[in-house]
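The numbering used here numbers the first residue of the sequence shown as 3 and each following residue consecutively.
See below for the structure under consideration.
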Amino acid sequence: MIGHCRRFNPLRVPILAAFLSSVWLVGCATSNNLPATANTDAKDAYTQLGVAYLERDNLPRARAALGRALEIAPNHGEALQALALVYQQQGDVELANTYFQQAIDVAPMFTRARNNYAAFLYQQGHIAACEQLEHASQDAQYANRAQLFTNLGQCYLALEEFDKARGRLARAQRIDPQSPRGYFLLAELEVSQGNYRNAWSPLQTYLQLAGPDQAALEMAIDIARAQGDHATAADYQRRLGTY
């Protein structure tokens, strides 16, 4: 078991962020003004409208707009995965899973959909999350590739496949050395294996990049005590007292 990992799940960050950041949102434009004959433009406009409502947590309107997009283009991957996110927000696990799978089936290279599907599977406790992330990691042009490899490391860490987790986290660090989460996870991995000396360096890098937080300070105390460095442990204990 990995004690610290239970407090830090990278796949539990807001999963809409990567999707919404790359979609132009049309705000509160009304669907009545969309030209019925311009199907290509209409399906995208309805999808963007649905995503905009989704970002505002207006799930009924999001579902309606995305449903209209899929009436026009039933195999529109963007609309399918956005609708999956709507159902996920509503807690309808079966429908969310169905629409995620449909989005990937019609657009196998849709990396955002795979990443979001992996997040969904991870939250449901399905080991298939790692498989989806492995597939997504093959997209060398994906903008959030370092985060993707970090998530993949976390996924393998949860499965206690430590060599794979270590390799994916190292890959994330090579892609983006300034991203702190991978260092924290690597420190957790080494602590879980009793490799306290190896855990110290990535933990210190995490603290430098992200600043101190309760979980990191507690880990620093544990590592220092495990190595018999009681003065350092006491110093971190004092710092922890400010949280």
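Yeah, the Cβ is synthetic: ideal placement off N, Cα and C, and Gly gets one too.
Since this is a predicted model, take the numbers as computed values, not measurements.
Would residue i pass as a contact of residue j if the rule is Cβ separation under 7 angstroms?
{"i": "PHE151", "j": "ARG173", "result": "yes"}
{"i": "TYR198", "j": "GLN229", "result": "yes"}
{"i": "GLN104", "j": "LEU87", "result": "no"}
{"i": "GLN92", "j": "LEU51", "result": "no"}
{"i": "ALA148", "j": "SER181", "result": "yes"}
{"i": "PHE98", "j": "TYR89", "result": "Correcting the residue type first, residue 98 is Ala in the shown sequence and not Phe. For ALA98 and TYR89, yes; Cβs fall inside 7 angstroms."}
{"i": "LEU68", "j": "ALA44", "result": "no"}
{"i": "THR113", "j": "TYR144", "result": "yes"}
{"i": "TYR208", "j": "ALA218", "result": "yes"}
Contact defined as beta carbons within less than 8 angstroms: I believe residue i pairs with residue j. What is the distance between those atoms, to the nearest angstrom?
{"i": "ALA109", "j": "ALA138", "result": "Contact doesn't hold; Cβ gap of about 12 angstroms is too wide."}
{"i": "GLU220", "j": "LEU187", "result": "Not quite, the Cβ-Cβ distance comes to about 15 angstroms (not below 8 angstroms), so this is no contact."}
When you compare only the Cα positions, how much space is there between residue i and residue j?
{"i": "GLY213", "j": "THR234", "result": "17 angstroms"}
{"i": "ALA158", "j": "ALA167", "result": "Correcting the residue identity first, residue 158 is Tyr in this sequence and not Ala. Answer to the nearest angstrom: the Cα atoms are 5 angstroms apart."}
{"i": "ASN153", "j": "HIS128", "result": "14 angstroms"}
{"i": "GLY169", "j": "LEU161", "result": "14 angstroms"}
{"i": "GLU96", "j": "LEU171", "result": "31 angstroms"}
{"i": "GLN134", "j": "GLU73", "result": "28 angstroms"}
{"i": "ASP210", "j": "HIS78", "result": "As written in the sequence, residue 210 is Gln, which differs from the Asp given in the question. Cα to Cα, GLN210 sits roughly 43 angstroms from HIS78."}
{"i": "ASP178", "j": "ALA130", "result": "26 angstroms"}
{"i": "ARG70", "j": "ASP237", "result": "60 angstroms"}
{"i": "GLU57", "j": "GLN175", "result": "30 angstroms"}
{"i": "ARG227", "j": "ASP46", "result": "57 angstroms"}
{"i": "ASP231", "j": "ARG183", "result": "25 angstroms"}
{"i": "GLU163", "j": "ASP94", "result": "30 angstroms"}
{"i": "ASN118", "j": "ASP165", "result": "24 angstroms"}
Excluding the five sequence neighbours on either side, which residues of its own chain have a C-beta within less than 6 angstroms of the C-beta of residue i, listed in chain order?
{"i": "ARG63", "result": "TYR55"}
{"i": "ALA201", "result": "ALA189, GLU192, VAL193, ILE225"}
{"i": "PRO204", "result": "TYR185, LEU188, ALA189"}
{"i": "GLY196", "result": "none"}
{"i": "ARG65", "result": "VAL88"}
Using C-beta distances below 7 angstroms, list every residue in its chain close to residue i, excluding the 5 sequence neighbours before and after it, in chain order.
{"i": "GLU80", "result": "THR49"}
{"i": "GLU136", "result": "LEU154"}
{"i": "HIS6", "result": "Low per-residue confidence applies at HIS6: pLDDT is 39, beneath 50, and the placement is therefore not dependable enough to give any value."}
{"i": "ASP107", "result": "none"}
{"i": "CYS132", "result": "LEU154, CYS157, TYR158, LEU161"}
{"i": "GLN126", "result": "VAL95"}
Which residues in the same chain have their Cβ closer than 8 angstroms to the Cβ of residue i, if we skip the five residues on either side of it in sequence?
{"i": "ASP59", "result": "GLN91"}
{"i": "MET111", "result": "ASP141"}
Check whether the Cβ of residue i lies closer than 6 angstroms to any heavy atom of the ligand COA, and answer yes or no.
{"i": "LEU211", "result": "With respect to the ligand COA, the structure shown offers nothing to examine, as it has no ligands at all."}
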